[in-house]
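Novice:
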Amino acid sequence: MFRNALLTLAVLLMVGCTTVPITGRRQLSLVGDQEVMQMSFQAYNDLMKQSKLSTNASQTAMVKRVGQRIQGAVESFMRQQGASAQLEGYQWEFNLIQDDKQQNAFAMAGGKTAVYTGLLPITRDETGLAVVMGHEIAHAIAKHSNERISQQMAAQGLGTSLGALGGGTSSQILNTAYGIGAGVGLMKFGRTQESEADRLGLIFMAMAGYNPEAAVSFWERMAASSNGQSPPEFLSTHPSNETRIADIQKNLPEAKKYYKRR
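Numbering (UniProt numbering), first residue to last: 1 to 262.
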């Protein structure tokens, strides 16, 4: 019986895969895109009800403006890749949450995106904000939340359903996948996914008319804001600051091919 379960799991792992645009990486996908998207919409709505949105009109407008430009870039990029169907059902939304202690941002499956005011001193300007939003939206386009949920399901065995993860509600499952709320999520994105989002994010911000070279100085500021408290890379699910910046510099020539200043 145990052997049969392992064989069944192996088959699922082989057939339950998709390919990330541009990078061509194969990823595990045991959950339907529309199912993850609907969970994202519910989780995002729940979070917006619990959060205080910023009343700063200029900052809020900047977040929406950057988001809409990157949205346009993503839609153009996916058309070029012949992958527009992957955006079916997207309900793009961009909000600025008032929380000066949170240096964070996220984009859920389906285009639901939020930035916390605590991140704005580090982004500094519209281009810095485009680095962050391009990176976070890249996570959504590359279906990293679907992948992380699928990995968790596979790790817990064939009997695991979506309802058994994270306590059962859409908000709990998605908040766990994105690491929202508690600061440290059980299924936060790993090094491969972070590096992939960096690469795609550079392309998206460049296509939106933002200079991708700004990513280097942003991540240097982000590293400085941590006061040297980042764990060693072998203990972290994320790339070290030095590795990330080096990888970004390596990917800049590719991104700059897409850059047209507006």
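Cβ atoms here follow ideal geometry from the backbone N, Cα and C, with glycine treated the same way.
None of the values given here were measured: they were computed from a predicted structure.
Cβ atoms of Tyr44 and Met133: under 8 Å apart, would you say?
Specialist: No, the pair does not count as a contact, with Cβ atoms beyond the cut-off.
Novice: Where His135 and Asp125 are concerned, what is the direct C-alpha to C-alpha distance, given to the nearest angstrom?
Specialist: His135 and Asp125: Cα-Cα distance of roughly 16 Å.
Novice: When the Cβ atoms of the segment 205-224 are set against those of the segment 242-251, are three or more pairs found closer than 8 Å?
Specialist: Yes, the segment 205-224 is in contact with the segment 242-251.
Novice: How many angstroms separate the CA atom of Leu12 from the CA atom of Trp92?
Specialist: With a pLDDT of 44 at Leu12, under the threshold of 50, the predicted position of this residue should be treated as unreliable, and no value is reported.
Novice: Just list the beta strand (DSSP E) runs in the segment 63-137, keeping only unbroken ones of 3 residues or longer that don't cross its boundaries, in chain order.
Specialist: The qualifying runs are 93-97, 105-107 and 112-116.
Novice: Go to Leu200, then tell me how far its alpha helix (DSSP H) extends in each direction, as first and last residue.
Specialist: That run of the alpha helix (DSSP H) goes Arg191 to Met207.
Novice: Going straight from the alpha carbon of residue 279 to that of Ala57, what length do you get?
Specialist: With the chain covering 1 to 262 only, the question about residue 279 has no answer from this structure.
Novice: One question on the structure: do Leu202 and Ala255 come within less than 8 Å of each other, judged by their Cβ atoms?
Specialist: Result yes, Cβ atoms of Leu202 and Ala255 sit closer than 8 Å.
Novice: What residue from Glu88, Gln98, Ala83 and Glu75 has the CA that sits closest to Leu47's CA?
Specialist: Per the Cα distances, Gln98.
Novice: Just the Cα atoms here: how many angstroms apart are Leu196 and Ser40?
Specialist: According to the sequence provided, residue 196 is Glu. The question's Leu does not apply to it. Each residue's alpha carbon lies about 21 Å from the other.
Novice: Can you tell which of Ile149, His144 and Arg148 has its C-alpha closest to the C-alpha of residue 272?
Specialist: For residue 272 there is no data in the structure shown, the boundaries of the chain being 1 and 262.
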